[in-house]
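Quick notes on the structure that follows.
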Amino acid sequence: MRASPPTWIKLLVPIKRTVDYSVKVRVGPKGVETAGVKHSLNPFCEIAVEEAVRLREKLKERIESITVVTIGPPKAADVLRTALAMGADAAIHVEVKDGQDVQPLGVAQALKAIVEQEKPDLIILGKQAIDDDSSQVGGMLAGLLDWPQANFASKLEVEGDKIKVAREIDGGLETLMMALPAVVTTDLRLNEPRYASLPNIMKAKKKPLKKMKAEDLKVDLTPRLETLKVEAPPARQGGAKVGSVDEIVSKLKEAGVL
Amino acid sequence: MQRFASASRVFTLARRSYATPPSPSALVLIEHKDDKIVPASLNAITAARKLGGTVTGLVVGEEASTKAVVEGAQKLGLDALLHRTSPALAHALAEPLAPVLAALVKSGNYTHLTAAHSAQGKNIFPRVAGILGVQQISDVMAIESPDTFVRPIYAGNAIATVKSSDSIKIFTVRSASWDAAVSGEGATEVDAKAAEEVGKEQAAWVSEELTKSERPDLGSAQAVVSGGRGVKSKESFDSIIFPLADALGAAVGASRAAVDSGYADNSQQVGQTGKVVAPSLYVAVGISGALQHLAGMKDSKTIVAINKDPDAPIFQVADHGLVADLFEAVPELTKKVEEAKK
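And the structure:
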């Protein structure tokens, strides 16, 4: 006889505030210029929040709560409000100083401390943040917790007390089945995030947002990587147009690729 | 972002017990699929050699299905080759494999652990880094010294040089930035054993659906033909993009728009969130050239763009841009490329 599934699932969704994906970033003397640049919720985190909300729509009362968490400067509270407006219930903000460099290992360690407090059954994160492009936090957190992981998910189904996840791998898809608690990271194809409606944005202002500091979690966020320099990539000498297909063929012959 | 973290340096000095840093000793995870070495692993070996110390290869998996891989790896001129087997490592799942890697790094006193920045490397290495408490360095494009690495951030719109204070450096390698290690004469001796510290099997492998293709692998191809939204349908993708790719002996790529619209498979996506390629020739057909797409192909040697919109951003990076209707220009190009080869 199979064990009866747990009656509820508690979701934790770690999210990040990043420079908006549509902004063409500029590299200044002190690195990438972020002051006065439009920021928003990292696109993969948006997909993670959307998936959490859809799970509740599908599983109803089996989803006990959806908590979003971010580790970031004071302004990162904005993305928590965005996630609350999309349908999350509560938010936790681990506040760090403006401009403080927090690296994936520090984030994963802080999240582990939060997991010990909140005791979630399922953690959904984005597969990578579009600013540092590290793609590490999900795997690191799963390793620290010794929980199963499903990175780059494009489909997530809850089956009883297990989850079935299709992951995007090189050359195709791989399907895994794992028991909860587990860590899942989202790929682009998992879903299409909703827009928060105005009434929901208003309601989100009243939802609980707990602030804490790294010291409260007893984690050391000191970066292990020191950034020595940040440069603009070498510019390409592009822009030449040709008039016909024949010209392309002859240029390719000249270049020796044909 | 805070650039200089003096606190972390004090911390490292306190931990370091030797007077001079040890000579680099790198362990490279050799990825394999269907009894073959995944080409991106060959680029990771070249990167490991750049560290200037010894380079040890590691093949893990089921015993029976890794024999040919080990034979291939023996010819790569590695200083040593480890072969660790367990039935639990059949599908290279992160949970059983990561503890094996963590234990090997510790018992072998390796200073560096590396692999390709492929789906597998991205899946397994952060878990190893978490277990060992190390800040991983992802997608390394260049190595300045055994502790200083160069990597792209912001979709390749900035290049950061970072110095690690961890005693073990764990990094993944951007294959497009490195040459592939080549096979030669001679054979490295193999240290074969049952894997130790195999992690619990927490996730069960259910199935796999791979896109079958006779064309070259996208990640390592010398030429790539990619189609975008402008191709308009799956039918025209198949009838226009594929023949040109075949004429050029090229792999087939796609923009996110083409993948989202179902013209091509997810695994063919080129860009920040898909594959990063740097072939000799990249042909962009009906692709406007969004930042996220450029992130995946702007290091290609020669870029050809065919688009009917003269203001498409792709033309700013293309060496040879043709403003034309792709439905006429591409078949014509296919025909002329075939003729040129005769």
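So the protein sequences, as listed, match chains A and B. Numbering of the first sequence is given in this note's numbering, commencing with residue 1 and proceeding in unit increments. Numbering of the second sequence is given in this note's numbering, commencing with residue 259 and proceeding in unit increments. Every residue gets a Cβ at the ideal spot worked out from N, C-alpha and C, and that includes glycine.
If you drop the 5 nearest sequence neighbours on each side, which residues of the same chain put their C-beta closer than 6 angstroms to that of residue i?
{"i": "residue 509 of chain B", "result": "473, 474, 476, 479, 482"}
{"i": "residue 312 of chain B", "result": "283, 337"}
{"i": "residue 10 of chain A", "result": "64, 65, 120, 121"}
{"i": "residue 164 of chain A", "result": "157, 177"}
{"i": "residue 87 of chain A", "result": "53"}
{"i": "residue 17 of chain A", "result": "39, 72, 76, 79"}
{"i": "residue 406 of chain B", "result": "421"}
{"i": "residue 437 of chain B", "result": "304"}
{"i": "residue 272 of chain B", "result": "Summary for residue 272 of chain B: the model assigns pLDDT 47, below 50, so the residue's position carries little reliability; its value from the coordinates is reported in the next sentence. Correct list: empty, nothing qualifies."}
{"i": "residue 425 of chain B", "result": "none"}
{"i": "residue 498 of chain B", "result": "588"}
{"i": "residue 306 of chain B", "result": "284, 286, 313, 372"}
{"i": "residue 109 of chain A", "result": "219"}
{"i": "residue 101 of chain A", "result": "223"}
{"i": "residue 56 of chain A", "result": "63"}
In its own chain, which residues sit with a C-beta less than 7 angstroms from the C-beta of residue i, not counting the 5 before and 5 after it?
{"i": "residue 143 of chain A", "result": "none"}
{"i": "residue 309 of chain B", "result": "282, 284, 370, 401, 404"}
{"i": "residue 383 of chain B", "result": "373, 394, 428, 430"}
{"i": "residue 23 of chain A", "result": "37, 38"}
Name the chain C residues that come within less than 8 angstroms of residue i, Cβ to Cβ?
{"i": "residue 20 of chain A", "result": "This model lacks chain C altogether, as its protein chains are A and B."}
Under 7 angstroms between beta-carbons, which chain B residues line up against residue i? List them in chain order, please.
{"i": "residue 213 of chain A", "result": "Here the premise fails: no neighbours, minimum Cβ distance about 17 angstroms."}
{"i": "residue 239 of chain A", "result": "573, 574"}
{"i": "residue 186 of chain A", "result": "Simply none; closest approach about 11 angstroms."}
{"i": "residue 248 of chain A", "result": "562, 578, 580, 591"}
{"i": "residue 131 of chain A", "result": "411, 412"}
{"i": "residue 255 of chain A", "result": "560"}
{"i": "residue 236 of chain A", "result": "556, 575"}
Residues in its own chain within less than 8 angstroms of residue i by CB, not counting five upstream and five downstream?
{"i": "residue 268 of chain B", "result": "Any reading at residue 268 of chain B must be qualified, since the residue scores a pLDDT of 45, below 50, and its modelled position is unreliable; no value is offered."}
{"i": "residue 2 of chain A", "result": "Any reading at residue 2 of chain A is ruled out, since the residue's pLDDT is 46, under 50, leaving its predicted position unreliable."}
Please list, in chain order, the chain A residues whose beta carbon lies closer than 7 angstroms to that of residue i.
{"i": "residue 484 of chain B", "result": "Within 7 angstroms Cβ-Cβ: nothing; residue 484 of chain B doesn't reach chain A, min ~16 angstroms."}
{"i": "residue 369 of chain B", "result": "Per Cβ cutoff of 7 angstroms: no residues; residue 369 of chain B is ~15 angstroms from chain A at best."}
{"i": "residue 381 of chain B", "result": "139, 151"}
{"i": "residue 519 of chain B", "result": "In chain order: nothing, as chain A lies at least about 12 angstroms away."}
Can you name the residues of chain A whose CB is closer than 8 angstroms to the CB of residue i?
{"i": "residue 406 of chain B", "result": "228"}
{"i": "residue 354 of chain B", "result": "Within 8 angstroms Cβ-Cβ: nothing; residue 354 of chain B doesn't reach chain A, min ~11 angstroms."}
{"i": "residue 388 of chain B", "result": "105, 108, 139, 140, 141, 142, 143, 144"}
{"i": "residue 424 of chain B", "result": "224"}
{"i": "residue 385 of chain B", "result": "139, 140, 142, 143, 149"}
Taking the alpha helix (DSSP H) that residue i belongs to, which residues open and close that run?
{"i": "residue 112 of chain A", "result": "104 to 118"}
{"i": "residue 363 of chain B", "result": "352 to 365"}
{"i": "residue 451 of chain B", "result": "First-last for residue 451 of chain B: 448 to 452, but that is the beta strand (DSSP E), not the alpha helix (DSSP H)."}
{"i": "residue 551 of chain B", "result": "549 to 552"}
{"i": "residue 303 of chain B", "result": "297 to 307"}
{"i": "residue 587 of chain B", "result": "584 to 599"}
{"i": "residue 252 of chain A", "result": "245 to 254"}
Report back the beta-carbon spacing between residue i and residue j to the nearest angstrom; my notes put them in contact at under 8 angstroms.
{"i": "residue 285 of chain B", "j": "residue 304 of chain B", "result": "Residue 285 of chain B to residue 304 of chain B, Cβ: 15 angstroms. No contact."}
{"i": "residue 137 of chain A", "j": "residue 412 of chain B", "result": "About 17 angstroms separates the two Cβ atoms, so there is no contact after all."}
{"i": "residue 516 of chain B", "j": "residue 486 of chain B", "result": "5 angstroms"}
{"i": "residue 93 of chain A", "j": "residue 70 of chain A", "result": "6 angstroms"}
{"i": "residue 361 of chain B", "j": "residue 455 of chain B", "result": "4 angstroms"}
{"i": "residue 95 of chain A", "j": "residue 186 of chain A", "result": "No, residue 95 of chain A and residue 186 of chain A are not in contact; Cβ-Cβ is about 25 angstroms, not under 8 angstroms."}
{"i": "residue 545 of chain B", "j": "residue 513 of chain B", "result": "5 angstroms"}
Starting from the beta carbon of residue i, find every residue of chain A whose beta carbon is closer than 9 angstroms, and list them in chain order.
{"i": "residue 415 of chain B", "result": "24, 25, 26, 27, 32, 232, 233"}
{"i": "residue 335 of chain B", "result": "Ordered by position in chain A, no residue passes the 9 angstroms Cβ test against residue 335 of chain B, which lies about 26 angstroms from the chain."}
{"i": "residue 397 of chain B", "result": "133, 134, 135"}
{"i": "residue 421 of chain B", "result": "225, 226, 227, 228"}
Between which two residues does the beta strand (DSSP E) containing residue i stretch?
{"i": "residue 14 of chain A", "result": "9 to 14"}
{"i": "residue 95 of chain A", "result": "90 to 95"}
{"i": "residue 319 of chain B", "result": "312 to 319"}
{"i": "residue 17 of chain A", "result": "17 to 19"}
{"i": "residue 288 of chain B", "result": "Residue 288 of chain B -> no beta strand (DSSP E), and no H or E assigned at all."}
{"i": "residue 561 of chain B", "result": "560 to 565"}
{"i": "residue 126 of chain A", "result": "122 to 126"}
{"i": "residue 335 of chain B", "result": "Residue 335 of chain B -> no beta strand (DSSP E), and no H or E assigned at all."}
{"i": "residue 580 of chain B", "result": "578 to 581"}
Which residues of chain B have a Cβ atom closer than 9 angstroms to the Cβ of residue i, listed in chain order?
{"i": "residue 175 of chain A", "result": "463, 464, 465, 466, 467"}
What residues of chain B sit near residue i, judged by a beta carbon separation below 8 angstroms?
{"i": "residue 168 of chain A", "result": "377, 524, 525"}
{"i": "residue 191 of chain A", "result": "By Cβ distance, chain B contributes nothing, its closest Cβ being about 12 angstroms from residue 191 of chain A, past 8 angstroms."}
{"i": "residue 154 of chain A", "result": "524"}
Item to check | Ranges of the alpha helix (DSSP H) found wholly within the segment 138 to 226 of chain A, counting only runs of at least 4 | outcome: 198 to 204
Next on the checklist: Quick check for students: name the residue ranges of the beta strand (DSSP E) that lie wholly in the segment 374 to 431 of chain B, counting only runs of 3 or more.
Outcome noted: 395 to 398, 400 to 403, 406 to 411, 416 to 422, 427 to 431
Item to check | Completely contained alpha helix (DSSP H) runs for the segment 25 to 85 of chain A, where each covers 4 or more residues | outcome: 43 to 59
Item to check | Start-end ranges of the alpha helix (DSSP H) lying completely within the segment 464 to 545 of chain B, minimum 4 residues | outcome: 500 to 506, 514 to 518
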